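Worksheet: the structure to be examined is printed underneath.
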Amino acid sequence: MDVESGPYSRPSLENTGKRGSGVPKSKTFAPNYSTLNSFASLGLSAPILEAIGKLGFETPTEIQQQAIPRLIEGDRDFIGLAQTGTGKTAAFGLPLLEHLDASQDHVQALILAPTRELGQQIAEQIALFAGRMKGIRTVAVYGGANIVTQINQLKRPCQVVIATPGRLIDLAKRKAVKLDRVRFLVLDEADEMLNMGFKDELDTILSFTPDEKQTWLFSATMPKEIRRMVKEYMDDPFEVRIDPKSTVNTNIEHQYAIVRHTDKTEALTRFIDLDQDIYGVVFCRTKRDTQNLAEQLIKEGYRADAIHGDLSQHQRDRVMMRFKRRELQVLIATDVAARGIDVNDLTHVFHFSLPNDQAYYTHRSGRTARAGKKGVSLAFISRKEKAKVNQLSRGLDVEFEGVQIPRADDIVDARLQSWARSLLSQEGFEKTPEALLEQVDLLLGPLSREDLIVRLVARELARLNLGRGVDLNERGATDDGGPRHKKDFKKGGYKRDFNKGGYKKDFKKGGYKKDFKKDGYQKDGFNTGFNDGGFPDGETRADGFRPQKGGFKKGGVGKGGFKKGGFKKGGPGGGGFSKPGKRKY
Numbered sequence: 001m002d003v004e005s006g007p008y009s010r011p012s013l014e015n016t017g018k019r020g021s022g023v024p025k026s027k028t029f030a031p032n033y034s035t036l037n038s039f040a041s042l043g044l045s046a047p048i049l050e051a052i053g054k055l056g057f058e059t060p061t062e063i064q065q066q067a068i069p070r071l072i073e074g075d076r077d078f079i080g081l082a083q084t085g086t087g088k089t090a091a092f093g094l095p096l097l098e099h100l101d102a103s104q105d106h107v108q109a110l111i112l113a114p115t116r117e118l119g120q121q122i123a124e125q126i127a128l129f130a131g132r133m134k135g136i137r138t139v140a141v142y143g144g145a146n147i148v149t150q151i152n153q154l155k156r157p158c159q160v161v162i163a164t165p166g167r168l169i170d171l172a173k174r175k176a177v178k179l180d181r182v183r184f185l186v187l188d189e190a191d192e193m194l195n196m197g198f199k200d201e202l203d204t205i206l207s208f209t210p211d212e213k214q215t216w217l218f219s220a221t222m223p224k225e226i227r228r229m230v231k232e233y234m235d236d237p238f239e240v241r242i243d244p245k246s247t248v249n250t251n252i253e254h255q256y257a258i259v260r261h262t263d264k265t266e267a268l269t270r271f272i273d274l275d276q277d278i279y280g281v282v283f284c285r286t287k288r289d290t291q292n293l294a295e296q297l298i299k300e301g302y303r304a305d306a307i308h309g310d311l312s313q314h315q316r317d318r319v320m321m322r323f324k325r326r327e328l329q330v331l332i333a334t335d336v337a338a339r340g341i342d343v344n345d346l347t348h349v350f351h352f353s354l355p356n357d358q359a360y361y362t363h364r365s366g367r368t369a370r371a372g373k374k375g376v377s378l379a380f381i382s383r384k385e386k387a388k389v390n391q392l393s394r395g396l397d398v399e400f401e402g403v404q405i406p407r408a409d410d411i412v413d414a415r416l417q418s419w420a421r422s423l424l425s426q427e428g429f430e431k432t433p434e435a436l437l438e439q440v441d442l443l444l445g446p447l448s449r450e451d452l453i454v455r456l457v458a459r460e461l462a463r464l465n466l467g468r469g470v471d472l473n474e475r476g477a478t479d480d481g482g483p484r485h486k487k488d489f490k491k492g493g494y495k496r497d498f499n500k501g502g503y504k505k506d507f508k509k510g511g512y513k514k515d516f517k518k519d520g521y522q523k524d525g526f527n528t529g530f531n532d533g534g535f536p537d538g539e540t541r542a543d544g545f546r547p548q549k550g551g552f553k554k555g556g557v558g559k560g561g562f563k564k565g566g567f568k569k570g571g572p573g574g575g576g577f578s579k580p581g582k583r584k585y
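With this note's numbering as the guide, the letters of the sequence shown map in order to residues 1 to 585.
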């Protein structure tokens, strides 16, 4: 393929670096990006252009514009820094296919991904990109699936292996995969692999591969550990960095709702109740939160399920299949488990808790508003988290709109109107058998038109999950469930009440202490109950206890029992306890 005939001019790049020579050199690569507004202008071959054309690919993203021409050239290692959801799979997948030799049946390219879902997605995309290329075969291997099946797949000729680090090492130790002839190594979501603790595994895998290869690293961020890997394993890499502000989808409406933490589940259900067409993902911070929320929604009758790291591969596949078929309305997920989720037509992304990293927010919200469609990214926050929303707004250059949580009355109005319109638009009623209509008419005939409408509306209202019906916006605005401010404690709160008119005053003068000595427990309580009144003669307690008349006798146990005033002076051993008020310890 004569790539020199492309619309850009390739500079003569002299590779003077040595393996492990350090950070990227300041060499420039400046194609005319005004002409790179289509995939045909990036230097891709006809079979690949035909394949992606059928997939609906038209305008390349910024990372694709800058990465594809450079990677087709294939003369240097490469670093691509861009947020998740910006089209990185095509950015490395399309040029990678240009370098493969279908006549060679050994593994020529290795792609590492942090999660099973992302690995599966990459494998599916590469297979689609190569749809018009004969003889190119890919194999995806990951944990949670049958390793014997994967070993059998690797025995057949394949040019590309997509793998998660742990499973790849297992296969390499079993000599089921040979990496000594790999020409291209792609590290996708490299920062996430390090966050998940794959540092040692990456070092091991890189040691399996030959020195003479091209390494392409894609990441959202560049922490110190990745810089260490770059210095140790990459040779004078060319770096492309995409400004995060330019990667935010402008078709997404960014919203937030202030709500108490304990009301978040009900707030979520109210949005779902208000708009029955919602089809979205709810992001939680931990696996436990994810599972608990899903179980609560299922218990209340919502079509929901969870996906997180504790599920087996079979369970994850089943959940994702149900979600893609729209048998589920909302999918509850953690950030890690959601990597690789590729579902079209999502209308909403809910942030049950805000992520700590700006990149994670971009990744989450990017799940909606795909293919030119509109979408909503809605975060449930406390009053104190408003500062974090402002920080995201500045960092991503987007506007966040504060929205109200739907009130119970709003939900009733919307749902009843939708229900009434659906009755009016009902089709096929003319095919209802007359015999059934006559039977129903006999049952409902005595009801007037008004009675029938009232009963139908009441039945529909009973199906609505309106919770407690309180205004969650007022609750969220007045109390976010956190501790009271110092001002409340010092001036008008507990401290003031305790010292002057509160618990301390009551306790000393008119409270528990006074009642206990004079009018409280001693006088009218236990002593009175057992010594004077006790249970009336002849009565027993529910558990069969029958006290003697007058309660316990003064003598107590035995003839002498306990002496009046408690233990004898001196007690056991001569020291012990003394009379009340003069106890010795």
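From the three backbone atoms N, C-alpha and C, an ideal C-beta is built for every residue, glycine too. Given the structure is predicted, the values throughout are model-derived calculations rather than measurements.
Within the same chain, Cβ atoms closer than 7 Å to the Cβ of ILE405 are found at ALA257, VAL259, ALA267, ARG270, LEU472 and ASN473, the five residues on either side in sequence being excluded. Rounded to the nearest whole angstrom, the CA to CA distance from PHE57 to TYR361 is 25 Å. If you draw a straight line from the Cα of GLU62 to the Cα of ILE242, it is about 7 Å long. Annotation: the stretch 79-143 contains the following complete segments of the beta strand (DSSP E) (minimum length 3 residues), in chain order: 109-112 and 138-141.
The closest CA to that of LEU206, considering only ALA304, LEU179 and LYS384, is found on LEU179.
Judged by DSSP in its simplified three-state form, SER219 adopts strand. With contact defined as three or more Cβ pairs closer than 8 Å, the stretch 305-313 and the stretch 367-375 are not in contact.
Between ALA67 and ALA102, the beta carbon gap of about 23 Å keeps them out of contact (Cβ cut-off 8 Å). The C-alpha of VAL282 is placed about 22 Å away from the C-alpha of ALA408.
Of the residues VAL230, VAL330 and LYS386, the one whose Cα lies closest to the Cα of ILE79 is VAL230. Per DSSP, the beta-bridge partners of GLU239 are ILE79. In the three-state DSSP reduction, GLU401 falls in the strand class (E or B).
The beta-carbon distance between GLN65 and GLY93, rounded to whole angstroms, is 15 Å. This is too long to meet the 8 Å contact definition.
Under the three-state reduction of DSSP, VAL457 is assigned to helix. Around the beta carbon of ILE381, a 10 Å sphere encloses 16 or more other beta carbons of the protein chains shown; the residue is thus reported as buried. For GLU253, the uninterrupted beta strand (DSSP E) run begins and ends at 252-258, by DSSP. Its Cα nearest to that of ASN344, the residue ARG370 stands out among ARG370, LEU452, VAL107 and THR334. Assignment of LEU179 by DSSP, reduced to helix, strand and coil, places it in the coil class. Per the DSSP secondary-structure output, GLN64 pairs with nothing in a beta bridge. Within a 10 Å sphere around the beta-carbon of GLN159 sit 16 or more other beta-carbons, which makes this residue buried.
Inclusion of GLY119 and ALA163 in the CB contact set at 9 Å is warranted, their separation being smaller than that value.
Judged by beta-carbon spacing, ARG303 lies within the 9 Å limit of LEU328, meaning their Cβ atoms are closer than that value.
The alpha-carbon of VAL403 is positioned some 49 Å away from that of GLU73. Distances from the alpha-carbon of TRP216 to those of LYS431, ASP273, PRO237 and ILE453 put PRO237 closest.
By alpha-carbon distance to GLY87, the top candidate from HIS363, ASP235 and VAL319 is HIS363. Pairing GLU460 with SER393, the inter-Cα distance amounts to about 41 Å. Judged by their CB atoms, ARG339 and GLU117 are nearer to each other than the 9 Å cut-off. Judged by DSSP secondary structure, GLY375 falls outside any alpha helix (DSSP H) and instead within the beta strand (DSSP E) spanning 375-381.
The criterion of a C-beta distance shorter than 9 Å is satisfied by ARG367 and LEU346. Between MET193 and PRO165 a beta carbon distance of about 7 Å is seen, short of the 8 Å cut, so the two are scored as contacting. Put simply, of LEU416, MET320 and PRO69 the residue whose alpha carbon is nearest the alpha carbon of ASP275 is LEU416. Counting only the Cα atoms, ILE169 lies some 14 Å from GLY144. In this structure, the CA atom of LEU293 is about 17 Å from the CA atom of TYR279.
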